[in-house]
Amino acid sequence: MDFEYKQKTNAERAKVEDLFDYEGCKVGRGTYGHVYKGKRKNRLNTDGREYALKQIEGTGISMSACREIALLRELKHPNVISLQKVFLSHTDRKVWLLAPELLLGARHYTKAIDIWAIGCIFAELLTYEPIFHCRQEDIKTSNPYHHDQLDRIFNVMGFPQDKDWEDIRKMPEHGTLTKDFKRSNYVNCNLVKYMEKHKVKPDSKQFHLLQKLLTMDPTKRITSELAMKDPYFLEDPLPSQDVFEGKNIPYPKREFLTDDDDDKADTGASKAGGADQSSGHNQPPAKRVRVMPPSTHIHNVQAQQQLQFSSSNIQTSTSSTYTSRF
Amino acid sequence: MAMTVEWWKDKVAEDIYDTMRKKEQDNFTTYNCHSTQLWARRQLVDWISVIVENFNLDMTSHHLAVYLLDFFMEKLEVDTNHLYLLAIACICLAVKYEEHCEKRPRLASLNAFIPSHGLLDIRKYTASELRSMELTVLSYFNWNLSIPTCAQFLPYYLLVAVDNLDLRNGIPISS
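The listed protein sequences correspond, in order, to chains R and U.
So for the first sequence, my numbering puts the first residue at 1; every next one is plus one.
So for the second sequence, my numbering puts the first residue at 1001; every next one is plus one.
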């Protein structure tokens, strides 16, 4: 990768909290985010300047954020604060264990939600793979709806039939769901198939239990009391306090998931190179930059963008604006 | 920005025009057709036009999207399977900058327009992939989307270039 470009993107990925003190200095809150008053942490930089840090939350780059940043960077006037830097911050939240009702906006945390999570872990123990692994976890704090995660769940489980989950229509995000998803995309998906691919037979006791744990309708999902009485636990090996009971750990070494797509992507790229040569274009001199597949290489860049403005000549007036906002 | 306000008829039109000209010169970078993926350009630009037509997007978005695509590809190469993702990102950014929020095409509808293609292994792109690509493009342009394109100059020039007697298919061009 081109050195300069890499440096630049790395710099952009610097963490705002490493460069600025702003904790507890929130000075405003609006529709689009939070504003903090901050000072540089770097001691060499004792200019005493104050900066306004605006944090914009969201799963995507919203229209307003996009315009705000693009336009602010144009403004250069002593009476207008100037945009200094855009930070991209990231949150690493695992949503693989979230029950579908949560993803569809359920407001109450229930025991059934925990059972779903247990089902996810059980499946993972059976297959050595997180069953609903979703590449980029970027749940927006205010909005639980998570398209990619739901897509992943439906890809394993199939799209729920109306009769299987009648109350799905009452979910807060049901409208979004019907807009974003087509049942027909998941007709060939079901848990039997998925588990069979991982060598778990659909007539096995473990599969039956798993199916009861991973039931889409929370009201039909098995309870913990019932699950503990499941025939699976009467089967050898019987439950015990110490799962290994002094034996060697019989599991194969767990491999990290590699993204199939990226492997494919690499082959695609070499194909492209070939096409270039044969097309006989005059290629420019060597230094070619390659943008890595965004899904893997910009994976840190997530949900929140933080803008930062410096207040140049008008520090006092901006500060007072903030004070008055308190 | 979208020409909802007809700036070229405004009192300060001349100032706006001067500012745009100046910005155009400040931004000026030559386009040398240096992309290693020039073979894909035609398809992608055609495709962007299809999207513009189908979603009834403004000419300014159209030109901005193609500008972003061209100058990005001039320097950077994306994975072959992400070429359409790049085009989608350029459209989305252009629309976000130029248009009313109602005009934003949904990712699912954009995905649906991606042609099946022998060379490429195209599947549907996810929202997070799109966001990553948008961010890649934005940071490449240092968030500068305020780029005057010919679509922005056109109405200003047309004002003096045509009058009510200039017809196209029997209809005054100026209308």
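By construction, the Cβ of each residue, glycine as well, lies at the ideal position given by its N, Cα and C atoms.
Treat the numbers as computed from the prediction; the structure is a model and nothing was measured.
Closest by C-alpha distance to L97/R, when choosing among A70/R, R73/R, L234/R, C134/R: C134/R
Environment of K163/R [buried if 16+ CB atoms lie within 10 Å]: exposed
K41/R classed as buried or exposed, judged by whether at least 16 other C-beta atoms fall within 10 angstroms: With fewer than 16 Cβ atoms within 10 Å of its Cβ, K41/R is classed as exposed.
Any C-beta of chain U under 7 Å from that of G33/R: It does not: the Cβ of G33/R has no partner Cβ on chain U nearer than 7 Å.
Proximity to G158/R [Cα-Cα], best of E23/R, K170/R, Y186/R, K182/R: Y186/R
Where A1108/U meets chain R, residues with beta-carbon distance less than 7 Å: D180
Any chain R beta carbon closer than 7 Å to R1131/U: Chain R, which has a Cβ nearer than 7 Å to the Cβ of R1131/U, makes this yes.
Nearest candidate by alpha-carbon position, reference R29/R, set K39/R, V16/R, K54/R: For R29/R, the nearest C-alpha among the options comes from K54/R.
Cα-Cα separation, E1006/U to D1026/U: 24 Å
Close beta carbons around L1159/U, own chain, < 7 Å, minus the five adjacent residues each side: W1008
Any 3 or more C-beta pairs closer than 8 Å across the region 1084–1099 of chain U and the region 1128–1143 of chain U: Cβ pair count under 8 Å is three or more, so yes.
Proximal residues to A21/R (C-beta, below 7 Å), its chain only, five neighbours per side dropped: Sequence inspection shows Asp at residue 21/R; the Ala mentioned does not correspond to that position. Take D21/R, set aside five residues on each side of it, and the residues of its chain with a beta-carbon closer than 7 Å to its own are G38, K39, K41, in chain order.
Sequence-distant residues of the same chain with beta carbon closer than 7 Å to E1129/U, five excluded per side: Excluding residues up to 5 positions away in sequence, L1085 lie with their Cβ nearer than 7 Å to the Cβ of E1129/U in the same chain.
Listed by chain order, chain R residues near R1021/U by CB distance under 7 Å: Within chain R, no residue comes near R1021/U; the closest Cβ sits about 15 Å away, beyond 7 Å.
Cutoff 7 Å: K1009/U Cβ touching any chain R Cβ: False, the Cβ-Cβ gap to chain R never drops below 7 Å.
Check whether P100/R and I153/R have beta carbons under 7 Å apart: Against a cut-off of 7 Å, the Cβ pair of I153/R and P100/R comes out as a contact.
For S204/R and I115/R, believed in contact at Cβ under 8 Å, the rounded distance: About 20 Å separates the two Cβ atoms, so there is no contact after all.
Where the region 1087–1103 of chain U meets chain A: residues whose CB sits under 7 Å from a CB there: Given the protein chain composition of this structure (R and U), no chain A is represented.
Runs of alpha helix (DSSP H) lying entirely within the region 1129–1173 of chain U, each at least 4 residues, in chain order: 1150–1161
Enclosing beta strand (DSSP E) for I131/R [first to last residue]: Here I131/R belongs to no beta strand (DSSP E), and DSSP marks it neither H nor E.
Straight-line Cα distance separating C1033/U from V1045/U: 14 Å
Neighbour list for A1127/U in chain R, Cβ cutoff strictly below 8 Å: T59, G60, H147, D148
C-alpha gap between T1029/U and L88/R, whole angstroms: 27 Å
Status (buried if at least 16 other CB within 10 Å, exposed otherwise) for Q161/R: By the 10 Å Cβ count, Q161/R comes out exposed.
I153/R CB to nearest heavy atom of the ligand FAD below 6 Å: Looking at this structure, you won't find the ligand FAD or any other ligand, since it has none at all.
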